[in-house]
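If you read the sequences in order, they're chains A and B. Counting in this note's numbering, the first sequence tops out at residue 713, every number present. Counting in this note's numbering, the second sequence tops out at residue 713, every number present. Ideal Cβ positions, reconstructed from N, Cα and C, are used throughout, including at glycine. Values in this document were obtained by computation on a predicted structure and should not be read as measured data.
2 protein chains.
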Amino acid sequence: MADDANLNDILALGRKARSAQTIIARAASLQKNDALKSMARHIRHRSGEILAANDLDLRQADDRRLPNSLIDRLRLDAGRIDAIAASLDDISALPDPVGQVIAEWQRPNGLSISRVRVPIGVIGVIFESRPNVTADAGALAMKAGNAAILRGGSDSFNSSRAIADAMQRGLEEVGLPREVVSPIPTADRSAVGMMLEGLGGVIDLIVPRGGKALVERVQREARVPVFSHLEGICHVYVHGDAEMAKAAAICLNSKMRRPGVCGAAETILIDRSLLPSAGGIIRTLIEAGCEVRGDRDIVRLDTRVVPAKEDDWSTEYLDAIISVRAVDGAADAADHIRRYGSQHTDSIVTENLEAAEDFMREVDSAIVLHNASTQFADGGEFGFGAEIGIATGRLHARGPVGLEQLTTFKYKVRGTGQIRP
Amino acid sequence: MADDANLNDILALGRKARSAQTIIARAASLQKNDALKSMARHIRHRSGEILAANDLDLRQADDRRLPNSLIDRLRLDAGRIDAIAASLDDISALPDPVGQVIAEWQRPNGLSISRVRVPIGVIGVIFESRPNVTADAGALAMKAGNAAILRGGSDSFNSSRAIADAMQRGLEEVGLPREVVSPIPTADRSAVGMMLEGLGGVIDLIVPRGGKALVERVQREARVPVFSHLEGICHVYVHGDAEMAKAAAICLNSKMRRPGVCGAAETILIDRSLLPSAGGIIRTLIEAGCEVRGDRDIVRLDTRVVPAKEDDWSTEYLDAIISVRAVDGAADAADHIRRYGSQHTDSIVTENLEAAEDFMREVDSAIVLHNASTQFADGGEFGFGAEIGIATGRLHARGPVGLEQLTTFKYKVRGTGQIRP
Numbered sequence: 293m294a295d296d297a298n299l300n301d302i303l304a305l306g307r308k309a310r311s312a313q314t315i316i317a318r319a320a321s322l323q324k325n326d327a328l329k330s331m332a333r334h335i336r337h338r339s340g341e342i343l344a345a346n347d348l349d350l351r352q353a354d355d356r357r358l359p360n361s362l363i364d365r366l367r368l369d370a371g372r373i374d375a376i377a378a379s380l381d382d383i384s385a386l387p388d389p390v391g392q393v394i395a396e397w398q399r400p401n402g403l404s405i406s407r408v409r410v411p412i413g414v415i416g417v418i419f420e421s422r423p424n425v426t427a428d429a430g431a432l433a434m435k436a437g438n439a440a441i442l443r444g445g446s447d448s449f450n451s452s453r454a455i456a457d458a459m460q461r462g463l464e465e466v467g468l469p470r471e472v473v474s475p476i477p478t479a480d481r482s483a484v485g486m487m488l489e490g491l492g493g494v495i496d497l498i499v500p501r502g503g504k505a506l507v508e509r510v511q512r513e514a515r516v517p518v519f520s521h522l523e524g525i526c527h528v529y530v531h532g533d534a535e536m537a538k539a540a541a542i543c544l545n546s547k548m549r550r551p552g553v554c555g556a557a558e559t560i561l562i563d564r565s566l567l568p569s570a571g572g573i574i575r576t577l578i579e580a581g582c583e584v585r586g587d588r589d590i591v592r593l594d595t596r597v598v599p600a601k602e603d604d605w606s607t608e609y610l611d612a613i614i615s616v617r618a619v620d621g622a623a624d625a626a627d628h629i630r631r632y633g634s635q636h637t638d639s640i641v642t643e644n645l646e647a648a649e650d651f652m653r654e655v656d657s658a659i660v661l662h663n664a665s666t667q668f669a670d671g672g673e674f675g676f677g678a679e680i681g682i683a684t685g686r687l688h689a690r691g692p693v694g695l696e697q698l699t700t701f702k703y704k705v706r707g708t709g710q711i712r713p
Numbered sequence: 293m294a295d296d297a298n299l300n301d302i303l304a305l306g307r308k309a310r311s312a313q314t315i316i317a318r319a320a321s322l323q324k325n326d327a328l329k330s331m332a333r334h335i336r337h338r339s340g341e342i343l344a345a346n347d348l349d350l351r352q353a354d355d356r357r358l359p360n361s362l363i364d365r366l367r368l369d370a371g372r373i374d375a376i377a378a379s380l381d382d383i384s385a386l387p388d389p390v391g392q393v394i395a396e397w398q399r400p401n402g403l404s405i406s407r408v409r410v411p412i413g414v415i416g417v418i419f420e421s422r423p424n425v426t427a428d429a430g431a432l433a434m435k436a437g438n439a440a441i442l443r444g445g446s447d448s449f450n451s452s453r454a455i456a457d458a459m460q461r462g463l464e465e466v467g468l469p470r471e472v473v474s475p476i477p478t479a480d481r482s483a484v485g486m487m488l489e490g491l492g493g494v495i496d497l498i499v500p501r502g503g504k505a506l507v508e509r510v511q512r513e514a515r516v517p518v519f520s521h522l523e524g525i526c527h528v529y530v531h532g533d534a535e536m537a538k539a540a541a542i543c544l545n546s547k548m549r550r551p552g553v554c555g556a557a558e559t560i561l562i563d564r565s566l567l568p569s570a571g572g573i574i575r576t577l578i579e580a581g582c583e584v585r586g587d588r589d590i591v592r593l594d595t596r597v598v599p600a601k602e603d604d605w606s607t608e609y610l611d612a613i614i615s616v617r618a619v620d621g622a623a624d625a626a627d628h629i630r631r632y633g634s635q636h637t638d639s640i641v642t643e644n645l646e647a648a649e650d651f652m653r654e655v656d657s658a659i660v661l662h663n664a665s666t667q668f669a670d671g672g673e674f675g676f677g678a679e680i681g682i683a684t685g686r687l688h689a690r691g692p693v694g695l696e697q698l699t700t701f702k703y704k705v706r707g708t709g710q711i712r713p
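Structure representation (structure tokens):
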């Protein structure tokens, strides 16, 4: 089909994914885990083909003069391919969420009610340049009993296709339908619009993985539920009772461990009472290569601090830049976070337990931390094994989206002939 | 403001509800419970005013020649007002979901992670003629730390307004902002459209309560998440190993206890092997005043059975009518339910435990029952104390929507200075 797949082909692919989902929904854990291990083997065995497909994408990226950061995300090598396969093996070792009993109780009339995890259904994943999303998203969706319809960016079209191909071989090898992992076989842009409409009632959930423009479009146009975060404007609040060495280490790690991830801190708020001793935090950041943009009080602490503009407080730099502001206590910090934050991840540093608990209650973000780096905002770090992304929406999934969040539930009610009076 | 409230007034009301929500979100359980009890008192004390307002609505309903069923839903009397107040007292006695720890675990690096219930935010409730929705929805939303923006139908405008007024007095009496329960002060239809758009980013969730046309519009146009069910096409499947007396009682209760509720059965599926003895089920229904529409095999069982048309299998009668069909075993029954059902509530009657478990796994409805009436599809019967409705969507809330489903969660991560390697 390739590039000339027409809209009917895409609708037919949706129907096939839906029917494959009814099979994967009932598949035993053992069979799903075998499929994941088989996928990993096929990816390792076919690394030559995958690298050749990646080469094609890289050459086109060169022709299109894509920015280096994008080309870097796109590039695969033997190590990255092995990491993709290893992550499939890891997912096979995670507990199967499907069928887990979340709650169970008895009613006075003898009815026994249980709330049991079941798959969501068909999950549409729309992503940009990282070809490994094909493997991670497809594998997590599948382990939770869902089918995945994957629409990669045109930049990574061939690489993603080659990975999906290896995954489909893995499914078939254990007797599962290949359409459980369904890549859209065209770079045609209209496919995204169709997915956002639900692909003829087939798609239950959309997960976008990519930059702000993509997520914005998905949030605006999707007619089905979306798990996403638009941006991570994460804060570290250094409270008056903070231990300064701990605060400096947490600020540094929250920004500089990986400045480009969504859980990276973008703003530090420092209690005014600490200003006389806050120079160390600023120095630590600057000496690690971070540009610091500060308000009036912070500028005074170090000549290398750049004056911050109003825009800085609502900017997700995703780079070695951080804004720093003095605040008048916890309420002022919470106000700042309410006004400029993105309800993603925010941390307080303090030795005052009451202040920490207040902050964690007041700040309405998916993840709130006490005395820990914002870079822990990650499914792996939460113990979920793997994640398909981070959600800042309020319903169903918040924070890291792992296997459990890719399921829903139903109620099973067991009786002995009860009728309702 | 009354009927001439303009769009800006409605947007201002939304902002006030949002700011009231930040207060109710943090209110102590005791204060919320006091508010509920105070609301109940005010409703009882002001029953004269409420009945007068209801009278106004009833006279207008007469003028507009509304159908009797609608007028019946609209009508209040001393007993109904007392039931409304009693339900507020009941909700005050339920456990507060806010702050409940859903899960808690420790990571190898010493981080302690907990998943804690928090309010959803501002909930928009759009309803038709039943004025008691104002009290139930407002009280449940509030107890879960949310603000409610209530838009009742023009038919019940005055009654709902009077009830909301009593509730606002109850809130103020205990020092909480009246805008926690915010009725839209106009019958202007454009308010619904504004709510479906989110009222300027204020509304986090919409709950429609009313007929199919309303729910269809909400599902089609809402730009925020919706908890709803379009219809309840509920089935009772009488399996080959059913005990016939139990089956007849469950069929009868599932349809005739209250034929007009969403959990009422609309179709009975009977295993073909049982046809020789299935006449009793049909007779029981007919003698209770139910019209039975059957397929060829069922028509033969009783001369009073009307032949069913294809449409009957997908019709929610909400009346003393039921369709009955012979099926070839469990797989055929599940196929029928998949094709014609609405993923609401379905029951199997059998003494065969394996068949029951298979059915409850196969059938992908919010509620699946074994040897029990479909009329148990109700938050009160589940032990939730009260419900705001039933959801058949797949995400966040499925089945009865009670206090817990009106909350979301956040992660609290407690550390001692951990940074991520």
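### Task
Taking C-beta pairs closer than 7 Å, name the residues in chain A that M652(B) reaches, listed in chain order.
K704
### Task
Could you check what DSSP says for V597(B) in three-state terms: helix, strand or coil?
coil
### DSSP beta-bridge partners of A440(A)
I415(A) and V473(A)
### Query
Is the CB of A294(A) under 8 Å away from at least one CB in chain B?
In this prediction, A294(A) has a pLDDT of 41, which is less than 50 and means its spatial position is unreliable; nothing more can be read from the coordinates.
### Message
Could you compute how far the alpha carbon of L303(A) sits from the alpha carbon of A612(A)?
### Response
44 Å
### Query
From the beta carbon of S606(B), is the nearest beta carbon of chain A less than 8 Å away?
no
### Task
Tell me, please, whether the CB atom of R356(B) is closer than 8 Å to any CB atom in chain E?
Here chain E cannot be found, since the structure's protein chains are A and B.
#### Entry: Short-range partners of chain B found in the segment 666-698 of chain A, where Cβ spacing is below 7 Å
Q667, F668, E673, F674, G675, R686, L687, H688, R690 and G691
### Query
Looking at C-alpha atoms only, which residue of L698(A), T607(A) and T684(A) is the closest neighbour of H636(A)?
T684(A)
### Message
Suppose you measure from the CA of T559(B) to the CA of F668(A); what does that come to, to the nearest Å?
### Response
52 Å
### Task
Would you mind working out which of P500(B), G467(B), Q710(B) and V705(B) sits nearest M331(B), comparing C-alpha positions?
G467(B)
#### Entry: Contacts that D496(B) makes with chain A (C-beta to C-beta distance below 7 Å)
R686
### Message
Tell me which residue opens and which closes the beta strand (DSSP E) that I640(A) is part of.
### Response
T637 to V641
### Query
Is L661(B) close to chain A, meaning its C-beta is less than 8 Å from at least one C-beta of that chain?
yes
### Query
Cβ of T666(A) within 8 Å of Cβ of S639(A)?
yes
### Query
Just to confirm, are G709(A) and V693(A) a CB contact at a threshold of 8 Å?
no
### Message
Between the alpha carbons of D296(B) and S482(B), how many angstroms are there, rounded?
### Response
Since pLDDT at D296(B) reaches only 47, below the 50 mark, its modelled position is unreliable, and the value read off the structure follows with that caveat. Going by the C-alpha atoms only, they are around 12 Å apart.
### Task
Would you list, in chain order, the members of the segment 603-631 of chain B that have their beta-carbon closer than 9 Å to a beta-carbon of chain A?
R630
### Message
Counting C-beta neighbours from all protein chains within 10 Å, is the total for T642(A) 16 or more, i.e. buried, or is it exposed?
### Response
buried
### Cβ-based neighbour list, S448(B), same chain, cut-off 6 Å, excluding 5 preceding and 5 following
D349, L366, S421 and P423
### Message
For a test of the three-state rule: what should DSSP assign to S379(A), helix, strand or coil?
### Response
helix
### Query
With a CB to CB cut of under 6 Å and the five nearest residues on each side skipped, what residues in its chain are close to V705(A)?
L403 and I405
### Query
In three-state DSSP terms, what is H688(A)?
coil
### Message
For chain B, check one thing: does any of its Cβ atoms lie closer than 8 Å to the Cβ of R509(A)?
### Response
no
### Message
Taking only three categories from DSSP, how would you classify F674(B)?
### Response
helix
### Task
Kindly say whether P517(B), judged by its beta-carbon, lies nearer than 8 Å to any beta-carbon of chain A.
yes
#### Entry: According to DSSP, residues forming a beta bridge with A395(B)
R407(B)
### Message
Give me the DSSP bridge partner(s) of E583(B).
### Response
I613(B)
### Task
Have a look at M293(A) and I476(A) and give me their C-alpha separation to the nearest angstrom.
Note on M293(A): pLDDT 41, under 50, position unreliable in the model; the coordinate value appears next. Taking the straight line from one Cα to the other gives about 10 Å.
### Query
Would you report the Cα separation of G555(A) and K329(B), rounded to the nearest angstrom?
44 Å
### Query
When the distance is taken between beta carbons, is V417(A) closer than 8 Å to R501(A)?
yes
### Query
Within 8 Å (strictly less), CB to CB, does R549(B) reach chain A?
yes
### Query
Can you list, in chain order, the stretches of the beta strand (DSSP E) that have 3 or more residues and sit fully within the segment 317-387 of chain A?
none
### Task
Within its chain, find whatever has a CB closer than 7 Å to the CB of A436(A); leave out the 5 residues flanking it on each side and keep chain order.
P389, V390, P411, L695, L698 and T699
### C-beta contact flag for V553(B) and I542(B) at 8 Å
no
### Task
Would you mind listing the beta strand (DSSP E) stretches within the segment 509-549 of chain A that are 3+ residues and don't spill past its ends, in chain order?
526-530
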